[in-house]
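The structure under discussion appears below in the form of C-alpha cells.
Numbering (the numbering used here), first residue to last: 276 to 383.
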C-alpha cells in the first residue's frame with residue numbers, strides 16, 4: 276500500500292517550461308511540491324542539484340531529434356531523453372536497466 280504522501284507526489288502534474296535566450300536554455304518544472312530549474316548551454320558540462328538532492332555533473336546535447344541529458348555522480352549515471360511525440364513531450368529516464376517514462380501534455 277502506498278503512503279499518502281507518495282500517492283500525492285505521484286499524482287502531481289508539474290508544469291514544464293522550456294525557454295531559450297541565445298545559447299542558454301532554461302528548463303523549469305513546477306508542481307505543488309517542488310520547483311526545479313536548470314540553465315545550460317548545449318554540449319557544455321555544468322553542475323546541477325537534482326530534485327532528489329544529488330550533486331551531479333550534467334551535459335545536454337541533441338541526438339537524432341532528441342534532447343539528451345547525461346548526469347554523473349559518484350560512479351553512477353542517469354540519462355534523460357526528451358522528445359516530442361504526437362504533440363506531447365516524452366521524457367525517458369534511464370539508469371542501468373531501469374527505465375521510467377513521463378508524458379507531458381501542452382496546456383490548452
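Note that the Cβ used here is the ideal one computed from N, Cα and C, for glycine as well.
Separation of residue 367 from residue 374, as counted between CA atoms: 7 angstroms
At which residue ranges does the segment 283-342 contain complete beta strand (DSSP E) runs of 3 or more residues, listed in the order of the chain? 290-296, 299-305, 310-316, 321-324 and 330-338
Note down the Cα distance separating residue 308 from residue 290, rounded to an integer number of angstroms. 12 angstroms
Rounded to the nearest angstrom, what separates residue 343 and residue 354 at their Cα positions? 7 angstroms
DSSP state of residue 356, grouped into three classes? strand
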